[in-house]
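Residues 5 to 304 in my numbering are what the sequence shown lists, from first letter to last.
Glycine included, every Cβ here is placed at the ideal spot set by N, Cα and C.
These notes are about the structure you will find just below.
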Amino acid sequence: MSEGFKTGYVALIGKPNTGKSTLMNALIGEKISITADRPQTTRHQILGIKTTEDYQCIFVDTPGIHDNNRKAIHRYMNRAATSMLADVDLICVLLEVKKFNADDIKILRRTEEFENVTIVLNKIDQVSKQACLPLMQKIADCAPGREIVPVSALKNQNLDRLEALIIARLPIAVPVFPNDQLTDKSMRFIAAEIIREKLFRSLTQELPYSLTVSIDHYNEESDMTRISATIWVERKSHKGIVIGKNGSLLKKIGTLAREDIQRLIGNKVYLQLWVKLREGWADDEKSLAAFGYSDADQSH
Ligand SMILES: Nc1nc2c(ncn2[C@@H]2O[C@H](COP(=O)(O)OP(=O)(O)OP(=O)(O)O)[C@@H](O)[C@H]2O)c(=O)[nH]1
Ligand SMILES: [Mg+2]
């Protein structure tokens, strides 16, 4: 560990779908957090930890901040989206070039009371440089004095500059986590998330929002990891959709998830998926706690 070693927490917050999870994965160089081209993919606070000779940067990926507080799960997600703000060393507010609107301005307002805030303007690969400049001016007018870093998390543009800026703001401190630890979450949790990602990417409309995944068994054997997981649906009619014709969709989800999990753990995976019904789980506190949506699970 070098003299002057730095350690700090960096929150990635913003509207749903702005690229928070993509950015965290790009910055730590590993796929820890799941991503999908639809809002409200991330449901928990997830730490992504990058440790070098000189610093340990602990990123906090969060659910997108939204106004929907209809069900208990939405209220849980909104708490997870902002509960750490007072405790981090730097807040990065993510905006996306094509979708800057009043919801972003609301989030910028919410962070006015904090000193260390950087605005990350993501997805610059989607527009020309000329289109970016007036937008940056508009954002600067809404958040005077804040620095704005344009990046593309997906295409790896300007991430070096963002990283340098983040590191400059970390305080001198000893590391919190061992230097080979990438996240605070267990492999069990990440396996369930990977299955959920495949469901989010394969199913249309509202269906992904009424699903959750639990891991029933996770057994590491020397040459194979055996995982059994249950996909929980809220309505009887959803079961058939998730299973698909002759089980085709479930099979596809299983194959895609198994490949990803294998890559991450570097071992062969045998993955068994079940689909079960628990009516109204997303608005029932007891079910939420049983499925890991509990505030105690995300306090660090
Ligand atoms: N073109 C482009 N797409 C991006 C970029 N960053 C993220 N995306 C895409 O935007 C979509 C949303 O990305 P996520 O990382 O899941 O967004 P998020 O902010 O974590 O979303 P929630 O968890 O739902 O709040 C995905 O399809 C990403 O591939 C980028 O720099 N450029
Ligand atoms: Mg996310």
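Backbone CA spacing between residue i and residue j [nearest angstrom]
{"i": "alanine 3", "j": "leucine 98", "result": "Only positions 5 to 304 of the chain appear in the structure, and residue 3 is not among them; the question remains open."}
{"i": "aspartate 264", "j": "isoleucine 198", "result": "7 Å"}
{"i": "lysine 103", "j": "isoleucine 123", "result": "15 Å"}
{"i": "phenylalanine 181", "j": "glycine 244", "result": "43 Å"}
{"i": "arginine 150", "j": "alanine 144", "result": "7 Å"}
{"i": "leucine 166", "j": "proline 154", "result": "9 Å"}
{"i": "histidine 304", "j": "lysine 249", "result": "Caution applies to histidine 304, whose pLDDT of 47 falls short of 50 and renders its modelled position unreliable; the value that the coordinates give is listed next. Between histidine 304 and lysine 249, the C-alpha separation is close to 43 Å."}
{"i": "threonine 115", "j": "lysine 189", "result": "27 Å"}
{"i": "valine 2", "j": "methionine 5", "result": "The structure shown does not extend to residue 2, since the chain is modelled only from 5 through 304, so no value can be given for it."}
{"i": "valine 237", "j": "arginine 282", "result": "6 Å"}
{"i": "glycine 296", "j": "serine 214", "result": "15 Å"}
{"i": "isoleucine 247", "j": "serine 206", "result": "12 Å"}
{"i": "lysine 280", "j": "glycine 68", "result": "27 Å"}
{"i": "lysine 133", "j": "asparagine 73", "result": "37 Å"}
{"i": "arginine 79", "j": "proline 179", "result": "32 Å"}
{"i": "asparagine 183", "j": "phenylalanine 63", "result": "14 Å"}
{"i": "glutamate 289", "j": "serine 241", "result": "23 Å"}
{"i": "proline 20", "j": "lysine 255", "result": "29 Å"}
{"i": "alanine 286", "j": "proline 148", "result": "39 Å"}
{"i": "asparagine 120", "j": "alanine 106", "result": "22 Å"}
{"i": "isoleucine 171", "j": "threonine 22", "result": "22 Å"}
{"i": "lysine 47", "j": "serine 298", "result": "Here the sequence assigns arginine to residue 47, which means lysine is not the residue at that position. C-alpha separation (whole angstroms): 11 Å."}
{"i": "cysteine 61", "j": "arginine 239", "result": "42 Å"}
{"i": "glutamate 210", "j": "alanine 76", "result": "17 Å"}
{"i": "valine 131", "j": "serine 226", "result": "49 Å"}
Boundaries of the alpha helix (DSSP H) in which residue i is found, first to last residue
{"i": "glycine 258", "result": "252 to 269"}
{"i": "glutamate 289", "result": "289 to 294"}
Span of the beta strand (DSSP E) around residue i
{"i": "isoleucine 38", "result": "Per DSSP, isoleucine 38 belongs to no beta strand (DSSP E) and is neither H nor E."}
{"i": "isoleucine 128", "result": "Here isoleucine 128 belongs to no beta strand (DSSP E), and DSSP marks it neither H nor E."}
{"i": "glycine 8", "result": "Unbroken run through glycine 8: none, as it is neither H nor E."}
{"i": "leucine 278", "result": "Per the sequence shown, the amino acid found at residue 278 is tryptophan instead of leucine. Element bounds for tryptophan 278: 273 to 281."}
Assigned secondary structure, residue i (DSSP; H/G/I helix, E/B strand, else coil)
{"i": "glutamine 49", "result": "coil"}
{"i": "threonine 26", "result": "helix"}
{"i": "glutamine 44", "result": "coil"}
{"i": "alanine 144", "result": "helix"}
{"i": "lysine 243", "result": "helix"}
{"i": "proline 138", "result": "helix"}
{"i": "alanine 157", "result": "coil"}
{"i": "lysine 249", "result": "helix"}
{"i": "serine 303", "result": "For serine 303, the predicted model reports a pLDDT of 48, less than 50, meaning its position is unreliable and no value from the coordinates is stated."}
Cβ-based neighbour list, residue i, same chain, cut-off 8 Å, excluding 5 preceding and 5 following
{"i": "phenylalanine 204", "result": "Ile38, Ala40, Arg42, Thr45 and Pro212"}
{"i": "isoleucine 269", "result": "Met191 and Thr229"}
{"i": "isoleucine 4", "result": "Outside the modelled stretch of the chain, which goes from 5 to 304, sits residue 4, for which no answer is possible."}
{"i": "glycine 33", "result": "Lys54"}
{"i": "glutamate 57", "result": "Met5 and Ser6"}
{"i": "threonine 187", "result": "Ile36, Ile50, Leu51, Gly52, Ile53 and Ile194"}
Own chain, CB closer than 7 Å to residue i, minus 5 neighbours either side, in chain order
{"i": "isoleucine 128", "result": "Val101, Cys136, Pro154, Val155, Ser156 and Gln161"}
{"i": "alanine 261", "result": "Ile198, Ile199, Lys202 and Leu275"}
{"i": "glycine 258", "result": "Leu275 and Leu277"}
{"i": "leucine 253", "result": "Ser206, Val246 and Ile247"}
{"i": "leucine 16", "result": "Lys24, Leu27, Met28, Phe63, Val64, Asp65, Thr66, Cys96 and Leu98"}
{"i": "valine 92", "result": "Tyr13, Val14, Ala15 and Val64"}
{"i": "aspartate 220", "result": "Ser232, Ala233 and Thr234"}
6 Å CB neighbourhood of residue i in its chain, flanking five on each side removed
{"i": "arginine 83", "result": "none"}
{"i": "lysine 10", "result": "Tyr59, Leu174 and Ile176"}
{"i": "lysine 327", "result": "For the chain, the structure presents residues 5 to 304; residue 327 sits outside this window and is missing."}
{"i": "alanine 85", "result": "Thr66, Pro67 and Ile69"}
{"i": "methionine 140", "result": "Ile152"}
Any non-hydrogen atom of ligand 4 closer than 7 Å to residue i Cβ
{"i": "glycine 33", "result": "Among the ligands present in this structure, namely ligand 1 and ligand 2, ligand 4 is not found."}
*Of all the beta strand (DSSP E) runs that stay within the bounds of the segment 163 to 232, which reach a length of 3 or more residues?*
215 to 224
*Whole beta strand (DSSP E) runs in the segment 53 to 121 with 3 or more residues, listed along the chain?*
59 to 65 and 94 to 100
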